[in-house]
Amino acid sequence: MNSVGESALVFAASAGVCLVAGRFAIRALGRAQFVAPVRYKDCPPLLAYQETKRATPTMGGLFVLATGVLMAVAAGGLSRREGWLVLGAVVGLAAIGLCDDYLKFRGPNAAGVRGWPKLLTALAVGAMVGIGALGANSFSTLELPWLHRTVELGWAWVPFSMLVVAGCAHAVNLADGMDGLAAGCVTIALTAIGFLALEGDPRSRALVPWCASLSGACVGFLWFNAYPASIVLGDVGALGLGGALGALSLLTHTSLWLPVIGAVFVAEALSVMLQVASYKWRGKRRVFRVAPIHHHFHLGGVSEPKLIIRFWIVGLLLAMLGLTTLGLP
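Under the numbering used here, think of the first position of the sequence shown as 10, with each following residue one higher.
Structural data, given as structure tokens:
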């Protein structure tokens, strides 16, 4: 895919299909009683917030990912080996997310899949992407944003890929705590990666259908997921989209742009790590009221709709900053 026009067509088609599929998915998931589980039982303010979401159907990521994958395949997204690696990342992480979601509703203790199996799955998917890319072409060179320089990683590329995919998957999952937050920020980040990929080599341009179809599906999903949400992504959607984001950034040589164009996700993940470290090493003292950081601001008095839009604005502005590299000589 070599033009913005073709990408826009895939984006719009994917959004339209998701809009149609969403109505049926909400009814089906609601009838099956797959509704959002209550988290944060040890935090009364957040418990009250979660209670307001109790009746909202979850696992909406199923139709988001199905739409995105089908539209990407229809647009030629599997024309090169790299496209199959993206598909593997989406399917692998969506599968563990689906198991997690299902066990929360049908399992004996509603705890879902433990953290370690999810982390190990994400690391394994990252290793698959890294090794598969090395087997196809020399992907071990990282491009440095704005500097027009490269760094050769060699086989260190594989652990780097594991870190990127696992980090993206879990960061997007952390952001999926408010209506429209994760889906909106994923849309922005994937669109930015798509624009960067259009200016890249043929291998990068071959992955633009994935960026366009998945971001379009997220926009269609936002019709139902915007505040107040009629459906939420669930782990199947958050982990699957996070895996796609990580894999696409690696395979389009834009992984070092992620701290900028995906800064919202970086902030969400860092807030959790800082909170856990502070609680453990500073005598149970906290850095934030609660983590992830979007809940910190929410408990500080910022309304949910305003908070979500502000995070979108920050994500959009930083994505624009990342795209400034397109105009540099």
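Note that the Cβ used here is the ideal one computed from N, Cα and C, for glycine as well.
Which of helix, strand or coil does DSSP assign to residue i?
i      : result
Glu91  : helix
Glu161 : strand
Val122 : coil
Thr150 : strand
Trp321 : helix
Leu337 : Note that Leu337 scores a pLDDT of 48, beneath 50, so its modelled location is shaky and nothing firm can be said.
Ser312 : coil
Asp109 : helix
Pro218 : helix
Ser239 : coil
Arg6   : Outside the displayed span of the chain (10 to 338) sits residue 6, for which this structure offers no information.
Glu277 : helix
Leu223 : helix
Glu15  : helix
Gly340 : A question about residue 340 goes unanswered here, because the residues of the chain that appear run from 10 up to 338.
Phe20  : helix
So the candidates are the options; which of them puts its Cα closest to the Cα of residue i?
i      : options                           : result
Gly92  : Leu259, Phe169 and Phe320         : Leu259
Gly86  : Ala215, Ile317 and Pro268         : Ala215
Gly252 : Val281, Asp210 and Leu74          : Leu74
Asp188 : Phe114, Leu231 and Lys293         : Leu231
Ser343 : Val228, Trp266, Ser312 and Thr333 : In this structure the chain extends from 10 to 338, so residue 343 is not present and cannot be described.
Ile197 : Gly186, Ala133, Trp321 and Leu132 : Trp321
Val167 : Lys113, Ala328, Gly225 and Ile140 : Ile140
Thr200 : Asp110, Ala41, Ile270 and Arg32   : Ile270
Ala84  : Ala34, Arg158, Asp109 and Gly14   : Gly14
Ala81  : Trp290, Gly292, Val181 and Gly203 : Gly203
Val195 : Gly324, Val311 and Pro154         : Gly324
Ser213 : Thr150, Ile105 and Leu257         : Leu257
Gly70  : Tyr111, Arg63, Arg90 and Ala64    : Tyr111
Gly193 : Val134, Val138 and Phe274         : Phe274
Ala17  : Leu79, Ser312, Leu223 and Leu143  : Leu223
Val44  : Leu327, Phe114 and Met329         : Phe114
Could you pull out every residue in the same chain whose Cβ sits closer than 7 Å to the Cβ of residue i, ignoring the five residues on either side in sequence?
i      : result
Val281 : Leu183, Ala300 and Pro301
Gly398 : The requested residue 398 is not part of the displayed model; the chain covers only 10 to 338.
Gln284 : Arg295, Val296, Phe297 and Ala300
Leu190 : Ala184, His303, Ile317 and Phe320
Pro268 : Val275
Ala278 : Gly176, His179, Ala180 and Leu183
Skipping 5 residues on each side, what residues in its chain have a beta carbon closer than 6 Å to that of residue i?
i      : result
Ala178 : Leu102, Ala131, Leu248, Gly251 and Gly252
Leu337 : Any answer about Leu337 is weak, because its pLDDT of 48 lies below 50 and its placement is not dependable; what the coordinates show is given next. Cβ neighbours of Leu337 beyond the five flanking positions: none.
Gly225 : Phe20, Ser23 and Ala24
Ile35  : Pro66, Ser239 and Ile240
What does residue i pair with, by DSSP beta-bridge criteria?
i      : result
Val100 : Per DSSP, none; premise fails for Val100.
Val44  : Pro66
Leaving out five residues on either side along the sequence, give the residues of the same chain with a beta carbon under 8 Å from the beta carbon of residue i.
i      : result
His305 : Ser280, Phe297, Arg298 and Val299
Leu28  : Gly229 and Trp232
Ser88  : Ala215
Counting only C-beta atoms, is residue i closer than 9 Å to chain D at any point?
i      : result
Ile202 : Looking at the structure shown, chain D is missing, and only one protein chain is on hand.
Worksheet item: Does the count of Cβ pairs from the stretch 83 to 100 and the stretch 208 to 220 closer than 8 Å reach three?
Response: yes
task = Inspect the CB distances between the stretch 118 to 130 and the stretch 75 to 83 and report whether three or more fall short of 8 Å.
result = no
So does the stretch 236 to 245 actually touch the stretch 153 to 168, counting three or more Cβ pairs closer than 8 Å? no
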